[in-house]
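Quick notes on the structure that follows.
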Amino acid sequence: MSSNNYYDVTAWAVGSPSEDIGAVINSIIADIKARQTDTDANDGGKPGAVIYLPPGDYHLRTQVVIDISFLRIEGSGHGFTSSSIRFNVPEAEWPHLHELWPGGSRIIVDLPLDGDRERFQGAAFHVERTGSPRISSVEFANFCIDGLHFTPDDSGMPAENTYVNGKTGIHVASANDSFRVTGMGFVYLENALTIHNADALSVHDNFIAECGSCIELRGWGQASKITDNLIGAGPKGHSIYAENHGGLLITANNVFPRGASSVHLEGVTRSSVTNNRLHSFYPGMLILAANSSENLVATNHFLRDQEPWIPFQGVDNGLDDRDGLLRISGNNNSVIGNHFSHIIDAQDIRPTGAAPVIVRLVAGAGNFVSNNHAVALDVRSTSSDSCFEAQVDALLTTEAADDRAVTTVMVDAGSARNTILDSGSDAQVVADRTINAVRATPTIGS
Numbered sequence: 007m008s009s010n011n012y013y014d015v016t017a018w019a020v021g022s023p024s025e026d027i028g029a030v031i032n033s034i035i036a037d038i039k040a041r042q043t044d045t046d047a048n049d050g051g052k053p054g055a056v057i058y059l060p061p062g063d064y065h066l067r068t069q070v071v072i073d074i075s076f077l078r079i080e081g082s083g084h085g086f087t088s089s090s091i092r093f094n095v096p097e098a099e100w101p102h103l104h105e106l107w108p109g110g111s112r113i114i115v116d117l118p119l120d121g122d123r124e125r126f127q128g129a130a131f132h133v134e135r136t137g138s139p140r141i142s143s144v145e146f147a148n149f150c151i152d153g154l155h156f157t158p159d160d161s162g163m164p165a166e167n168t169y170v171n172g173k174t175g176i177h178v179a180s181a182n183d184s185f186r187v188t189g190m191g192f193v194y195l196e197n198a199l200t201i202h203n204a205d206a207l208s209v210h211d212n213f214i215a216e217c218g219s220c221i222e223l224r225g226w227g228q229a230s231k232i233t234d235n236l237i238g239a240g241p242k243g244h245s246i247y248a249e250n251h252g253g254l255l256i257t258a259n260n261v262f263p264r265g266a267s268s269v270h271l272e273g274v275t276r277s278s279v280t281n282n283r284l285h286s287f288y289p290g291m292l293i294l295a296a297n298s299s300e301n302l303v304a305t306n307h308f309l310r311d312q313e314p315w316i317p318f319q320g321v322d323n324g325l326d327d328r329d330g331l332l333r334i335s336g337n338n339n340s341v342i343g344n345h346f347s348h349i350i351d352a353q354d355i356r357p358t359g360a361a362p363v364i365v366r367l368v369a370g371a372g373n374f375v376s377n378n379h380a381v382a383l384d385v386r387s388t389s390s391d392s393c394f395e396a397q398v399d400a401l402l403t404t405e406a407a408d409d410r411a412v413t414t415v416m417v418d419a420g421s422a423r424n425t426i427l428d429s430g431s432d433a434q435v436v437a438d439r440t441i442n443a444v445r446a447t448p449t450i451g452s
């Protein structure tokens, strides 16, 4: 049985989806609202709808405004491909490339650029509704949102490498419940996904890369999850950022390098960061700040190595190697069973001659750091014009490297009453042992 609550944008009578998919979707939403007016009809009344985007390219020149619950916008493929690799290939080689642009069900964000506008005004999808109940069960699935180009800034980088263009993929401005973002592709957006005041949000199995910032949970929130995503931000932004959240689950994500941080938690409590693979070219990979407390950080793999791709060499996040790969300001956090690989050329350590810090406890009390393993190797750095080959070669190189001195755990004066067990030798753990409990990892022959 066909349903009048299922819309194919290519069959809708109003507007042209290839010229302005935003106007088409807004027209469909208006139709849903005009038809679904009864709030209580036979124990129902407003079931919402599905809007389907077949594979194809759809320019968006009008922002989509969503103010109804139970709306699913879906396509038939996330369509991600690396625009960064393409734009860093000499233009003379473009005719020989198999494809130039992302594909699948692809929305091209063609909103006018205006440096003075607020962030939400540059969003392809803006979700906001006041009143009660909160807007609920809005879903985005299986299509691509492409910002197309970055723009020049004051960094001196080529325009396509700045990660700046004022464009956002999805911006949720109001309190929301049970939203889902699944199977999506986001590329070349300054902000891929920004969600305020989320409850029971699921961001799962997406490809979010080559964006200034990838996932930002703003305001406050609870009981949400960021799971099984492939993520990679630019050096000015966050790969995963959350503030004032409780019960947040960050699990099984593969976070690529170049983001200023892999995971940054600000005032987050009683949450879990577990079983992620985190890769960065800079210190400050996982930050627990602003009294982030009672969190579990367990069985993650941290890799800190060097940028091998020539276009981005010399770019960093402003931190030096004493800041730590994992930095904590908060109370009663558990850091258990993580693996840290610190694989860089000694000549690139900053400041020169310093012992890089793996875990740094900056402020707070009662943190528990146990059974973490740090591998620190001094390798000769290499570089390449090929992003893919350079990074794979760097990842697979484990031979002909010398051990290097590191501080596995550093406890600052502002942090006390912590317990550090089997997470570094006696010399590798720097802590006041009169106010912190330390059991060093045994060394051979000790």
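Residues 7 to 452, numbered by my numbering, are exactly what the sequence shown covers, in order. Beta carbons are placed, not taken as given, at the ideal position from N, Cα and C, and that holds for glycine.
Original post:
For Leu117, does the count of other Cβ atoms within 10 angstroms reach 16, so buried, or fall short, so exposed?
Top reply: With 16 or more Cβ atoms within 10 Å of its Cβ, Leu117 is classed as buried.
Original post:
Where do the ends of the beta strand (DSSP E) carrying Ala29 lie?
Top reply: Premise fails: Ala29 lies in the alpha helix (DSSP H), Ile27 to Arg41, not in any beta strand (DSSP E).
**OP:** With a threshold of 16 other CB atoms inside 10 Å of the CB of Leu119, please say whether the residue is buried or exposed.
**Re:** That one is exposed.
Original post:
What residue range is occupied by the uninterrupted alpha helix (DSSP H) comprising Ile91?
Top reply: Boundaries of the alpha helix (DSSP H) around Ile91: Ser89 to Phe93.
Subject >> Identity of the residue in Gly21, Gly191 and Asn344 nearest Asn148 by Cα >> reply: The residue with the shortest Cα to Cα distance from Asn148 is Gly191.
Subject >> Whole-angstrom distance between Thr257 and Gly430, CA atom to CA atom >> reply: Approximately 25 angstroms between the Cα atoms of the pair.
**OP:** Would you list, in sequence order, the uninterrupted beta strand (DSSP E) runs of no fewer than 3 residues that lie entirely inside the region 53-90?
**Re:** Here the runs fully enclosed are 55-59, 62-66, 70-72 and 77-81.
**OP:** Give a yes or no on whether the C-beta atoms belonging to Gln239 and Leu223 are separated by under 7 angstroms.
**Re:** According to the sequence shown, residue 239 is Ala rather than Gln. No.
Subject >> Simplified DSSP assignment, three categories, for Thr188 >> reply: When DSSP states are grouped into helix, strand and coil, Thr188 belongs to the strand group.
**OP:** Below 8 angstroms on the Cβ atoms is my guess for Leu309 versus His285; work out the distance and round it to an integer in Å.
**Re:** At roughly 5 angstroms, the Cβ-Cβ gap stays under 8 angstroms, so Leu309 and His285 are in contact.
**OP:** Along the beta strand (DSSP E) that carries Thr358, what are the first and last residues, could you check?
**Re:** First-last for Thr358: undefined, no H or E at that position.
Subject >> CB-CB length for Ile79 against Phe185, believed under 8 angstroms >> reply: About 12 angstroms separates the two Cβ atoms, so there is no contact after all.
Subject >> Residues near Val170 by beta carbon distance below 7 angstroms, same chain, minus five either side >> reply: Hits under 7 angstroms: Phe156, Thr157, Asp159, Glu196 and Gly218.
Original post:
Just how far apart, CA to CA, sit Ala360 and Gln228?
Top reply: Our two residues, Ala360 and Gln228, have alpha carbons roughly 40 angstroms apart in a direct line.
**OP:** Could you tell me if Val20 is buried or exposed, where buried requires 16 or more neighbouring beta carbons within 10 angstroms of its beta carbon?
**Re:** Flag for Val20 reads exposed.
**OP:** Please check the pair Gly153 and Val115, which I expect to be a contact at CB under 8 angstroms, by giving their CB distance rounded to whole angstroms.
**Re:** Gly153 to Val115, Cβ: 5 angstroms. Contact.
Subject >> Spatial neighbours of Ser299 in its chain, beta-carbon cut-off 6 angstroms, leaving aside the 5 residues before and after >> reply: In the same chain as Ser299, and ignoring 5 residues on each side of it, the C-beta atoms closer than 6 angstroms to its own belong to Thr275, Gly336, Asn337 and Asn338, in chain order.
Subject >> Check whether Val417 and Ala437 have beta carbons under 7 angstroms apart >> reply: Cβ distance < 7 angstroms, so Val417 and Ala437 count as in contact.
Original post:
What are the residues that DSSP puts in a beta bridge with Gly285?
Top reply: First, the amino acid is wrong: residue 285 is His here, not Gly. Beta-bridge pairing links His285 to Leu309.
**OP:** Under 8 angstroms Cβ to Cβ from Leu103, same chain only, skipping five residues before and after it: list those, please.
**Re:** Excluding positions up to five away in sequence, the list reads Arg92 and Val95.
Original post:
Which partner residues does Gly252 have in the DSSP bridge list?
Top reply: BP columns for Gly252 point to Gln228 and Thr275.
Original post:
If you draw a straight line from the C-alpha of Ser90 to the C-alpha of Thr233, how long is it?
Top reply: Their Cα atoms are separated by approximately 25 angstroms.
Original post:
So, using beta-carbon positions, are Phe374 and Thr425 closer together than 7 angstroms?
Top reply: Taking 7 angstroms as the cut-off, the beta carbon of Phe374 is found closer than this to the beta carbon of Thr425.
Subject >> Contact check, Ile113 vs Leu66, beta carbons under 7 angstroms >> reply: Yes; because the gap between Cβ atoms is below 7 angstroms, this pair is in contact.
Original post:
Would you report the Cα separation of Thr188 and Ile214, rounded to the nearest angstrom?
Top reply: Separation of Thr188 and Ile214 (C-alpha to C-alpha, rounded to the nearest whole angstrom) is 11 angstroms.
Original post:
Smallest Cα separation from Leu59: which of Asn48, Met163 and His84?
Top reply: Minimum Cα distance to Leu59 is reached at His84.
Original post:
Is it buried or exposed for Ile141, if we count other Cβ within 10 angstroms and need 16 for buried?
Top reply: Looking at its Cβ environment, which holds 16 or more other Cβ atoms inside 10 Å, Ile141 is buried.
Original post:
Taking the Cβ atom as the reference point for each residue, do Val435 and Val365 lie within a distance shorter than 7 angstroms?
Top reply: Result no, Cβ atoms of Val435 and Val365 do not sit closer than 7 angstroms.
**OP:** In the DSSP assignment, find the beta strand (DSSP E) that holds Val238 and state where it starts and stops.
**Re:** Position check: residue 238 holds Gly in this sequence, whereas Val was assumed. Unbroken beta strand (DSSP E) run through Gly238: Leu236 to Ala239.
Original post:
Just how far apart, CA to CA, sit Ile342 and Ala304?
Top reply: Distance between the alpha carbons of Ile342 and Ala304 is about 5 angstroms.
**OP:** With a 10 Å radius around its C-beta and 16 neighbouring C-beta atoms as the bar for buried, classify Gln69 as buried or exposed.
**Re:** The residue in question, Gln69, is buried, as its Cβ has 16 or more Cβ neighbours within 10 Å.
Subject >> Residue environment, Leu106, which counts as buried when at least 16 other CB atoms sit within 10 Å >> reply: Leu106 should be labelled exposed.
Subject >> Cβ pair Asp326, Pro357 closer than 7 angstroms >> reply: Taking C-beta atoms as the reference points, Asp326 and Pro357 count as a pair closer than 7 angstroms.
Original post:
Is it buried or exposed for Lys173, if we count other Cβ within 10 angstroms and need 16 for buried?
Top reply: Buried.
**OP:** Consult DSSP for Ala422 and reduce its assignment to one of helix, strand or coil.
**Re:** Note: Ala422 maps to strand in three-state DSSP.
Subject >> Nearest-angstrom beta carbon gap, Asp205 and Glu134 [assumed within contact, 8 angstroms] >> reply: No, Glu134 and Asp205 are not in contact; Cβ-Cβ is about 16 angstroms, not under 8 angstroms.
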